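Participant:
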Amino acid sequence: MSESEDNAEPAKLPLDAWHRGQGARMVPFAGYEMPIQYEGIVAEHEWTRAHAGLFDVSHMGQLLVSGEDAAQALEALLPGDIAALKPGRLRYSLLLDENGGILDDLMVTNVTAEGGEPTYYLVVNGATKWDDIAHLREHLPDEITLTHLEDQALLAVQGPEAATALRRVFRDAIGDLRFMQGTSFEFGEIEIGISRSGYTGEDGFELSVPAEHAETIAGRLCAEIEIKPIGLGARDSLRLEAGLPLYGHDLSPDTDPVSADLTFAISKRRRGEGGFPGAERILGLLADGAETRRVRLVLEGRLPAREGATIFSGDAEVGRVTSGGFAPTLGHPIAMGYVASAHANEGTALEIEVRGKRLPATVTAMPFVPHNYYRGDK
Amino acid sequence: MTRYFTDEHEWIDVDGDTATVGITDYAQGQLGDIVFVELPAAGTSVEKGKDAAVVESVKAASDVYAPITGDVTEINDALDGDPALVNSSPEGDGWFFRLTIADKAQLEGLMDEAAYKSFVEGL
Chain A
1 MSESEDNAEP AKLPLDAWHR GQGARMVPFA GYEMPIQYEG IVAEHEWTRA HAGLFDVSHM
61 GQLLVSGEDA AQALEALLPG DIAALKPGRL RYSLLLDENG GILDDLMVTN VTAEGGEPTY
121 YLVVNGATKW DDIAHLREHL PDEITLTHLE DQALLAVQGP EAATALRRVF RDAIGDLRFM
181 QGTSFEFGEI EIGISRSGYT GEDGFELSVP AEHAETIAGR LCAEIEIKPI GLGARDSLRL
241 EAGLPLYGHD LSPDTDPVSA DLTFAISKRR RGEGGFPGAE RILGLLADGA ETRRVRLVLE
301 GRLPAREGAT IFSGDAEVGR VTSGGFAPTL GHPIAMGYVA SAHANEGTAL EIEVRGKRLP
361 ATVTAMPFVP HNYYRGDK
Chain B
1 MTRYFTDEHE WIDVDGDTAT VGITDYAQGQ LGDIVFVELP AAGTSVEKGK DAAVVESVKA
61 ASDVYAPITG DVTEINDALD GDPALVNSSP EGDGWFFRLT IADKAQLEGL MDEAAYKSFV
121 EGL
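Protein sequences appear in the order of chains A and B.
Letter 276 of the first sequence, counting from 1, is numbered 276 in the UniProt record's numbering, and no numbers are missing.
Letter 98 of the second sequence, counting from 1, is numbered 98 in the UniProt record's numbering, and no numbers are missing.
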């Protein structure tokens, strides 16, 4: 059950004592002691799908990129149309190396104040944040300022009752935010950045709060009847059911946006203009297709296939599982992996080898569990 | 009937030449929600300290070792339909398999309940 990614003594997050007080079991992850579960992964998973869960994702990196040409500077490193991103909007993007390999996946929010200089707020993965910061410092022009918001905690409230609970706590501050929109507000004297986003497939919010007030906010949120603290274990099973890739497992510098089935992150204008790292190769893959593709696989029975398991079509080895587990909402195992493109179409029957046994698996359109994002009143 | 424990968190009930094997309440608590248990087939041999079964939780797969060498005579079929029995009754209905004991001398060195309890408290 080790999640440790390095040998250094894990650091403590702002909510460490609070998690322990709530009965969390703590494990090392991404260099920090993190809550893996409270009452149990399945119970927490089901609670989040039915009500709302509070996730501490303070290990993730929160960065600000600011300066007159910040959008253009980011576009030199990411394939998204950052210039078209209006204040208060966010989008998913990818930090690419010069070959088009994926260094990280991240969220970019335009947080430019009215009349202020262009400013973008980035949330990057915890395990990669120091490398990301080094990469950004090296490649951003000198006129662009990069700020690491080390004194900010990040809380995610996810689930169908998240909005109800947050409106009770924060009143009108949430406004009429829709999926992939953000704002900020004062809660007493606490400045909170909020976006309607997350990584569980559910409607939900992410809140950036000063570390010194994280316990107050977490306690206040969990006082609501709908919200319970949820550990990393359920966060992982929720994101797997939502069909969302996990950096370091489903994505790496060896994967490109086309193979990774993330072509939506390459904005239309950028496809035409290029100018992002590895553009020539990636635009070639877009035109001609990649050799391999990330797929979602539904398994029969109850035996899960884990990361590293080999995928077969008949006797031929055609790919490898990059993340897999048991889906509590569905009651059977699911997996993601890369397979040769000829075997990537929906409905293709494949087999996954687990301890010498071949488990039948079918390529499915993702997500495994339908997304429940709030895109406005119907 | 005497119950012994290993430092790998298996328990073993010995009744004459037959033994019943499972994992402890402490072990199931560490593993979390169990979704699948892979058991050795009846008729196969298991060797003390070697892999005998695999427990799959939502999160990960974990090996279970044979606490003693012997031939498997019976497996707990109930785990096939309801693997969560290992969570709800780890030291009762959630047993894994039975075997005939090849060498009773191997029981020496295993812990009794009091010794195991203090071993777990020290973890």
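A virtual CB, placed ideally from N, CA and C, is assigned to each residue, including glycine.
All of these numbers come straight from a predicted model, not from anything done at the bench.
Could you tell me which residues DSSP puts in a beta bridge with aspartate 15 of chain B?
Facilitator: Position 15 of the second sequence, counted from the first residue, corresponds to residue 15 of chain B. According to DSSP, which records beta bridges pairwise, aspartate 15 of chain B is partnered with B/Thr18.
Participant: Could you list which residues in chain B have their beta carbon closer than 8 Å to that of serine 323 of chain A, in chain order?
Facilitator: As a working mapping, residue 323 of chain A is identified with position 323 in the first sequence. The contacting residues do not exist; serine 323 of chain A stays about 11 Å from chain B at best.
Participant: Pull the bridge partners of leucine 297 of chain A from the DSSP assignment, please.
Facilitator: The count along the first sequence starts at 1 and reaches residue 297 of chain A at position 297. Note: leucine 297 of chain A sits in a beta bridge opposite A/Ala335 and A/Val363.
Participant: Does isoleucine 230 of chain A come out as helix, strand or coil in the three-state DSSP assignment?
Facilitator: Residue 230 of chain A sits at position 230 when you count from the first residue of the first sequence. Residue state, collapsed to three classes: coil.
Participant: Give the straight-line distance between the Cα atoms of serine 66 of chain A and leucine 251 of chain A, rounded to the nearest whole angstrom.
Facilitator: The residue you call residue 66 of chain A lines up with position 66 of the first sequence. The residue you call residue 251 of chain A lines up with position 251 of the first sequence. Answer to the nearest angstrom: the Cα atoms are 27 Å apart.
Participant: So for aspartate 172 of chain A, helix, strand or coil by DSSP?
Facilitator: Counting from one through the first sequence, the residue named residue 172 of chain A turns up at place 172. If DSSP states are grouped into helix, strand and coil, aspartate 172 of chain A belongs with the helices.
Participant: For the putative contact between histidine 51 of chain A and glutamate 161 of chain A, defined by C-beta atoms under 8 Å, what is the C-beta separation to the nearest angstrom?
Facilitator: Translated into the one-based positions of the first sequence, residue 51 of chain A becomes position 51. Translated into the one-based positions of the first sequence, residue 161 of chain A becomes position 161. With 8 Å as the limit, histidine 51 of chain A and glutamate 161 of chain A qualify as a contact, their Cβ atoms being about 5 Å apart.
Participant: Based on Cα-Cα distance, which residue from A/Gln181, A/Ile192, A/Asn372 and A/Glu68 lies nearest to lysine 86 of chain A?
Facilitator: Start at 1 with the first residue of the first sequence, and residue 86 of chain A comes out as number 86. Nearest of A/Gln181, A/Ile192, A/Asn372 and A/Glu68 to lysine 86 of chain A, Cα basis: A/Gln181.
Participant: Anything in chain A within Cβ reach of proline 83 of chain B, meaning under 8 Å, just list it in chain order.
Facilitator: The residue given as residue 83 of chain B occupies position 83 in the second sequence. Chain A residues near proline 83 of chain B: Arg302.
Participant: Which stretch, first to last residue, makes up the alpha helix (DSSP H) that contains leucine 85 of chain B?
Facilitator: In the second sequence, residue 85 of chain B corresponds to position 85, counting from 1. Segment 85 to 88, the alpha helix (DSSP H) holding leucine 85 of chain B.
Participant: Quickly, what does DSSP pair tyrosine 121 of chain A with across the bridge? List them, please.
Facilitator: In the first sequence, residue 121 of chain A corresponds to position 121, counting from 1. In DSSP, tyrosine 121 of chain A forms a bridge with A/Leu64 and A/Thr109.
Participant: Considering just the uninterrupted stretch of the beta strand (DSSP E) at tyrosine 4 of chain B, what are its terminal residues?
Facilitator: Locating residue 4 of chain B in the second sequence gives position 4, counting from the first residue. Where tyrosine 4 of chain B is concerned, the enclosing beta strand (DSSP E) stretches over 2 to 5.
Participant: Are the stretch 32 to 40 of chain B and the stretch 93 to 103 of chain B touching, with three or more C-beta to C-beta distances below 8 Å?
Facilitator: These segments touch.
Participant: Suppose the cutoff is 7 Å on Cβ atoms and the five residues either side in sequence are ignored; what does the same chain contact list for valine 354 of chain A look like?
Facilitator: Mapped onto the first sequence, residue 354 of chain A falls at position 354. Excluding positions up to five away in sequence, the list reads Leu303, Ala305 and Ala309.
Participant: Within its chain, find whatever has a CB closer than 8 Å to the CB of asparagine 372 of chain A; leave out the 5 residues flanking it on each side and keep chain order.
Facilitator: The sequence position of residue 372 of chain A within the first sequence is 372, counting from 1. Contacts found: Pro160, Gly201, Glu202 and Asp203.
Participant: Please report the distance separating the alpha-carbon of arginine 167 of chain A from that of leucine 221 of chain A.
Facilitator: Your numbering for residue 167 of chain A matches position 167 in the first sequence. Your numbering for residue 221 of chain A matches position 221 in the first sequence. C-alpha separation (whole angstroms): 11 Å.
Participant: Can you have a look at tryptophan 18 of chain A and say buried or exposed, based on whether 16 or more other CB atoms are within 10 angstroms of its CB?
Facilitator: Within the first sequence, the letter at position 18 stands for residue 18 of chain A. So tryptophan 18 of chain A ends up on the buried side.
Participant: Can you give me the C-alpha to C-alpha distance between serine 184 of chain A and tyrosine 121 of chain A, rounded to a whole angstrom?
Facilitator: In the first sequence, residue 184 of chain A corresponds to position 184, counting from 1. In the first sequence, residue 121 of chain A corresponds to position 121, counting from 1. Using only the alpha carbons, I get a separation of about 12 Å.
Participant: Which partner residues of leucine 155 of chain A appear in the DSSP bridge assignment?
Facilitator: Stepping through the first sequence from its first residue, residue 155 of chain A is reached at position 155. A/Asp56 and A/Leu207, per the DSSP bridge assignment.
Participant: When the cut-off is 9 Å and only beta carbons count, does glutamate 5 of chain A lie next to chain B?
Facilitator: Stepping through the first sequence from its first residue, residue 5 of chain A is reached at position 5. The predicted position of glutamate 5 of chain A is uncertain, since its pLDDT is 47 and thus under 50; a value taken from the coordinates is nonetheless stated next. No, because no Cβ of chain B sits closer than 9 Å to the Cβ of glutamate 5 of chain A.
Participant: Please name the residues in the stretch 351 to 364 of chain A whose beta-carbon is closer than 8 Å to at least one beta-carbon of chain B, in chain order.
Facilitator: Those would be Arg355, in chain order.
Participant: Around the Cβ of methionine 1 of chain A, are there at least 16 other Cβ atoms within 10 angstroms (buried) or fewer (exposed)?
Facilitator: Indexing the first sequence from 1 puts residue 1 of chain A at position 1. Confidence in methionine 1 of chain A is poor, its pLDDT being 35 and thus under 50, which makes the residue's placement unreliable; the coordinate value appears in the next sentence. Its Cβ having fewer than 16 others within 10 Å, methionine 1 of chain A is exposed.
Participant: On the three-state DSSP scale, how would you describe lysine 12 of chain A?
Facilitator: As a working mapping, residue 12 of chain A is identified with position 12 in the first sequence. Here lysine 12 of chain A sits in coil by DSSP.
Participant: What distance in whole Å lies between the Cβ atoms of proline 83 of chain B and valine 35 of chain B, which are believed to be in contact at a cut-off of 8 Å?
Facilitator: One-based indexing of the second sequence puts residue 35 of chain B at position 35. One-based indexing of the second sequence puts residue 83 of chain B at position 83. The Cβ separation is near 6 Å, so the contact holds.
Participant: Using a C-beta cutoff of 9 Å, does valine 258 of chain A count as contacting chain B?
Facilitator: Residue numbering aside, residue 258 of chain A sits at position 258 when the first sequence is read from its first letter. Output row for valine 258 of chain A: interface = no.
Participant: Kindly give me the distance between the Cβ atoms of residue 124 of chain B and valine 54 of chain B, rounded to whole angstroms, as I take these residues to be in contact under 8 Å.
Facilitator: Because chain B spans 1 through 123 in this model, residue 124 of chain B falls outside it and cannot be assessed.
Participant: How should glutamate 224 of chain A be labelled, buried or exposed, when 16 other C-beta atoms within 10 angstroms of its C-beta is the threshold for buried?
Facilitator: Here the question's residue 224 of chain A lines up with position 224 in the first sequence. The residue in question, glutamate 224 of chain A, is buried, as its Cβ has 16 or more Cβ neighbours within 10 Å.
Participant: According to a CB-to-CB cut-off of less than 9 Å, which residues of the stretch 49 to 83 of chain B neighbour chain A?
Facilitator: The stretch 49 to 83 of chain B vs chain A, Cβ under 9 Å: Val54, Glu56, Ser57, Val58, Lys59, Ala60, Ala61, Ser62, Asp80 and Pro83.
Participant: To test your reading of the DSSP string, which unbroken beta strand (DSSP E) runs of 3 or more residues are found completely within the stretch 78 to 107 of chain A?
Facilitator: For the stretch 78 to 107 of chain A, whole beta strand (DSSP E) runs of length 3 or above, ordered along the chain, are 90 to 96.
Participant: Would you say histidine 45 of chain A lies against chain B (beta-carbon separation less than 9 Å)?
Facilitator: Indexing the first sequence from 1 puts residue 45 of chain A at position 45. It does; some Cβ of chain B falls within 9 Å.
Participant: For proline 328 of chain A, is the classification buried or exposed, using 16 other Cβ atoms within 10 angstroms of its Cβ as the cut-off for buried?
Facilitator: What you label residue 328 of chain A is simply residue 328 of the first sequence in a count that begins at 1. Under this definition proline 328 of chain A is a buried residue.
Participant: Along the chain, where does the beta strand (DSSP E) containing threonine 183 of chain A start, and where does it finish?
Facilitator: The residue labelled residue 183 of chain A in the question sits at position 183 within the first sequence. First-last of the beta strand (DSSP E) with threonine 183 of chain A: 182 to 187.
Participant: Find the residues of chain A that neighbour aspartate 33 of chain B, judging by a C-beta separation of less than 7 Å, and give them in chain order.
Facilitator: For the purposes of this step, residue 33 of chain B is identified with residue 33 of the second sequence, where counting begins at 1. Per Cβ cutoff of 7 Å: Gly40, Ile41 and Val42.
Participant: Based on DSSP bridge pairs, tell me the residues matched to arginine 247 of chain A.
Facilitator: Taking the first residue of the first sequence as 1, we reach residue 247 of chain A at position 247. According to the sequence as given, residue 247 of chain A is tyrosine; it is not arginine. Answer by DSSP bridge pairing, in chain order: A/Leu251.
Participant: Find the nearest neighbour of proline 370 of chain A within the set A/Ser341, A/Leu240, A/Thr164 and A/His213, judged by alpha-carbon distance.
Facilitator: As a working note, residue 370 of chain A is residue 370 in the first sequence. The candidate whose alpha carbon is nearest that of proline 370 of chain A is A/Leu240.
Participant: May I have the straight-line CA-CA distance separating isoleucine 36 of chain A from valine 58 of chain B, to the nearest angstrom?
Facilitator: In the first sequence, the residue the question calls residue 36 of chain A occupies position 36. In the second sequence, the residue the question calls residue 58 of chain B occupies position 58. Distance between the alpha carbons of isoleucine 36 of chain A and valine 58 of chain B is about 12 Å.
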